[in-house]
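This note's numbering applies: residue 10 is where the sequence shown begins, and numbers increase by one. Glycine is no exception: its CB is placed at the ideal position from the N, C-alpha and C atoms. Predicted, not measured: the structure shown is a model, and the values here were computed from it.
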Amino acid sequence: MQNVPNILSLSRILATVVILVLVLINTPWAFLIATILFILASGTDFLDGYLAR
């Protein structure tokens, strides 16, 4: 169970890069996908904190 928080942290790092690229594309669909991905990444941050304890 110790690896799950690390995997979640790594997935957030990768999601940050994808979100940045989507925002730079600057289309409505890309912005919508970036927003959804940001919300999911925020949720994994909460889950990561819960599992790491």
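Are the CB atoms of residue i and residue j nearer to each other than 9 Å?
i	j	result
L56	V27	no
T25	A61	no
R21	T53	yes
Does the Cβ of residue i have 16 or more other Cβ atoms within 10 Å, making it buried, or fewer, making it exposed?
i	result
L17	buried
L31	buried
My output table needs one value for residue i: the three-state DSSP class, helix, strand or coil.
i	result
R21	helix
N15	helix
T36	coil
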